[in-house]
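As structure tokens, the structure follows; a few thoughts come after it.
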């Protein structure tokens, strides 16, 4: 029996790269949080402190910023692919690179009905995400969204569930359903346009959440996943993680008041957590990039 | 010399009150975080553990939820006033009440161009705030906004400043200016409409931030404060607290690249912090409510 | 009626200053978060963008770091006083300075029973604080602690309280009492030693919290404040802010189980918030520094 | 081509279970954050909203609390195993359960040299973790620690690294090394005692971090992993994730001051992120539980 090195990677996390386009008076902004990670023959760095194969995390950071100038920042999937390819193809010992990007959205300010050339307000809380892996097995692109907070004040039921000796929950046929959705979708091909694909996926999430008369959060997640796979052939698979942000109807009876689903207390913890994958029966195999990204823990 | 009780108050903090209006198929939502604090003859509770004058914080919580049904939730200033008056007028020993409210904004979901009746997405990050104090000195209302994140990619200069032996900052005539603004405004009268006043103040903040060719964040704060006082006679005074969220131009020269204000690193800490009060020379005296609310620390 | 500038200040917030003493093989560490704020004749900076009286926040940052070398970092009260005096006495237009410091504690690592010379683990969660103001009215020092999380599993009662129509809370004669205490104490004089005073105050807080058979959190705060004022003549006044971190006894009766205060759910929000000042009848007047620091909102 | 359900699970996250032992005057406390997740034949819940196989997340919560009474809380690995076995063995449709636990440490208060019977202060910031999976493949236990913040003020070098056209980092032979370590270790067998194993692993982490003259954070991680596998036969594999919390030497030369590694600025972002697995060449295969827990993303 011997003790050996297993999987390892290293990089620079959370580089806050902001790119302004100012070629005309009407500026554009892309505001990113970029994390890089490299894989390769780094065992000796661990075993003996031999750093001769290590590209510093500082150089990785410099590259992320330099590429924002050299290649610009369009769709975050493209930016991440360009960075990952560079590390794998141009830096000798590197055999794999994983780039994770978050993009923060800004709304252009409108002053007395006219869009302003160079001022924005931060929109939120939702964040667009991308995770790209390039290695010997190919190029893997995962799009995503996180912290998309959704609430519907009716159109959600929960009843007819399994009971055991620890079950005390009453059945309800009308409740608030709310979540802060995290979704990641695996591309099997390259869509026509990354940005419009993101916009479409987001709109489908909201549509299905809103319009399904839901019997459970599980059913809503399936509806969302199915709608996305039907609409976007380039997406092979989608993973959804949905905290059930409980809104409990407050008991006002002690004060002589009825509460027909009008007054709620929004609870923090604990929360339900529903996680589901919707896929295709002919989806190409997922590989490590998807497994590690998805975190179906 | 004797040791004595000084100022004290107690209450229930961060009640997450959600109110749904469902009288028609088109629902409405108001989503609040409510904190109450009561003042009065509570010395004995401290000195001897005599609780007979203490309304429990649990009862304060119940009141916040019950009032969401009994009186509904319109403008948060009105809701807070109603709660504060109740505690002072209806609960015998209470002589003063301070109610603080945060309101989270929701955007109605739009499905294929049509507004949905009962589904929303959370808007952010900015939060509307109100702090109301009712006591023997009268009723004091403070409106506010926090975490309004603003960025302009040009139209901001900083130069011609004082220098000392620790000054190394270069002068710049073009920089990114960004902040997460916190503003609190003190009402000397009751405006025609709390909600439209809030909307107006917010739009003036954005207008002044965007349109002033700024020589310092200080100058921008003054412009914002002045515009608000000119537009809203009911506001006596406004306090602004603005972190200068630094965006540093990245030095790309080592890589043979120019960077004419196109690539920035957004820094977390330290940050500048600029705080200013804009007032009227005939403003009525502020009182304790304003001093403790404003936190010009 | 004219619109005019009111109170204002500006500075650099959250400078993360780490000072290592390495004069011998046994190193020492002091790990601070330092915020500076200056006051003075800065109206023109606001009104016209005239920056000629403004010492940059960048220079303030440089000063905080340079002083860590020039003067070293001993007790944070001393470090803050030295910085504040410099800004007021050495920088021509500055008339007032306020320095706020947080100190993070580190435990020296012990390896097989022997203290290590240069390795530490972070202790937490409590943080030592200081706020110093120097201006024409003199020098004002406020010591403090925050996020001191305390819990006692018995020795706390709550009953015999005032009831109204919104009261539903049952009386209890045995409960968990837990808080994350924030305390600030105002010095009227200079104690023999800042560091040992801090240690003493912290130990008195814990002693009183533990040993008082408490009838309310209010009573516990008074006991804490009184013990500190009795023990430390240099402290004129202390303000305590204590969230009541509720631990609710879980109802296990539906499962045929008793729960004699053994199983609790720790709740996040809402929480009680109890705030009290304990002072001396001959305490010198507090001044603005104390009012703005204490935030008895 | 058809759209189908993939992996899914659901449960109740972040149940804050606090257990007090009060059989004698000297109480004991265990303070947990418990998350449950169940797997099984839940496709119909998604596809058609048929909930008849779903044990509610509310019942899972009730079980977590009831078991704190029924079976008590000893080592968190045991508590999690008991919960997981119950769900798989006693709840008919459930085929797999994953229980994640965080444990918060408390220090018993000492009053004038004597340990107090029922009062504690929260220790931190480090948190003990456990993740247990029970399914058809067996029982899988993963121990861990997170947010163990370590700093050494010397004994760390970084030089002789690979350079490319984006490399500007200077070599250093003496620097601060600091991290907030996350470690997870996979048990292949059952150790004699879960609690003492945790204590041993934590002490080995600190020992190796402190005593290795480190040429890179990678080398330190290897030393930590190796020491643990040598000392604990029941551990098959360990994964370490270490943010490199940069402490940059401040340039004081503009102020005529030297800075021989005495004054540092602690940076927030970006940070290096070094991740490594240390394993045995004869370790049994890891399975899905380990892959999803480790998040080597």
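Residue numbers (the working numbering), protein chains in the order written: chain C, 9 to 305; chain E, 9 to 305; chain A, 9 to 305; chain W, 9 to 305. The C-beta atom is built at its ideal place from N, Cα and C for all residues, glycine as well.
Cβ neighbours of residue i in the same chain (closer than 8 Å, five flanking residues each side left out)
i                     : result
residue 49 (chain C)  : 61, 101, 103
residue 152 (chain A) : 136, 137, 138, 139, 190, 191, 192, 193
residue 75 (chain W)  : 87, 90, 91, 94
residue 13 (chain A)  : 51, 54, 55
residue 307 (chain E) : The question about residue 307 (chain E) has no answer here: the residues shown for chain E are numbered 9 through 305.
Residues of its chain near residue i, where Cβ-Cβ distance is below 7 Å and the 5 sequence neighbours each way are ignored
i                     : result
residue 167 (chain C) : 179, 180, 181
residue 279 (chain W) : 251, 252, 253, 254
residue 219 (chain E) : none
residue 295 (chain C) : 145, 148
residue 289 (chain C) : none
Coarse secondary structure for residue i, derived from DSSP in three states
i                     : result
residue 226 (chain A) : helix
residue 109 (chain A) : strand
residue 204 (chain E) : helix
residue 217 (chain E) : helix
residue 6 (chain E)   : There is no way to answer for residue 6 (chain E), as the model of chain E reaches only from 9 to 305.
residue 335 (chain W) : The question about residue 335 (chain W) has no answer, for chain W in this structure spans 9 to 305.
residue 117 (chain C) : strand
residue 356 (chain E) : Since the displayed chain E opens at 9 and closes at 305, residue 356 (chain E) lies outside it and no answer follows.
residue 164 (chain W) : strand
residue 195 (chain E) : strand
residue 305 (chain C) : Summary for residue 305 (chain C): the model assigns pLDDT 34, below 50, so the residue's position carries little reliability; its value from the coordinates is reported in the next sentence. Note: residue 305 (chain C) maps to coil in three-state DSSP.
Same chain only: Cβ atoms within 6 Å of residue i, ignoring 5 sequence neighbours per side
i                     : result
residue 106 (chain C) : 45, 141
residue 150 (chain E) : 139, 192, 194, 301
residue 242 (chain C) : 195, 197, 199
residue 36 (chain W)  : 29
residue 209 (chain C) : 236
residue 268 (chain E) : none
residue 273 (chain W) : 256, 258
residue 40 (chain A)  : 25, 109, 111
Beta-carbon neighbours of residue i, restricted to chain E and to distances below 9 Å
i                     : result
residue 276 (chain W) : 275, 276, 277
residue 378 (chain C) : Outside the shown range of chain C, which is 9 to 305, sits residue 378 (chain C), and nothing can be said about it.
Contact list for residue i against chain C, beta-carbon separation under 7 Å
i                     : result
residue 173 (chain A) : 263
Contacts of residue i in chain E (Cβ-Cβ under 7 Å)
i                     : result
residue 176 (chain W) : 262
residue 163 (chain C) : 126
residue 132 (chain C) : 132, 133
residue 234 (chain C) : Chain E residues near residue 234 (chain C): none, gap ~17 Å exceeds 7 Å.
residue 87 (chain A)  : Near residue 87 (chain A) there are no residues of chain E at all, since even the closest Cβ is about 16 Å away, more than 7 Å.
Residue interval of the alpha helix (DSSP H) (run including residue i)
i                    : result
residue 88 (chain E) : 84-98
residue 71 (chain W) : 65-78
Partner residues on chain C for residue i, Cβ-Cβ distance less than 8 Å
i                    : result
residue 12 (chain W) : 286, 287, 288, 289
Contact list for residue i against chain A, beta-carbon separation under 7 Å
i                     : result
residue 160 (chain W) : 126, 127
residue 91 (chain E)  : What residue 91 (chain E) touches in chain A: nothing, since even the nearest Cβ is about 11 Å away.
residue 145 (chain E) : Under the 7 Å cutoff, chain A gives no residues; its nearest Cβ is about 16 Å from residue 145 (chain E).
residue 54 (chain E)  : 226, 227, 229, 230, 284
Endpoints, beta strand (DSSP E) assigned at residue i
i                     : result
residue 17 (chain W)  : 11-21
residue 143 (chain E) : 135-143
residue 147 (chain E) : 146-160
residue 123 (chain C) : 122-130
Chain-ordered neighbours of residue i on chain W, where CB pairs are closer than 8 Å
i                    : result
residue 69 (chain C) : 278
Residues that residue i contacts on chain A, provided the C-beta gap is smaller than 8 Å
i                     : result
residue 255 (chain W) : 26
For this session: Could you pull out every unbroken alpha helix (DSSP H) segment of at least 4 residues lying fully inside the segment 223-303 of chain A, listed in chain order?
Result: For the segment 223-303 of chain A, whole alpha helix (DSSP H) runs of length 4 or above, ordered along the chain, are 225-239, 295-302.
For this session: Taking only runs that begin and end inside the segment 24-61 of chain E, name each unbroken beta strand (DSSP E) of 3 or more residues, in chain order.
Result: With a minimum length of 3 residues, the continuous beta strand (DSSP E) runs that stay inside the segment 24-61 of chain E are 36-47.
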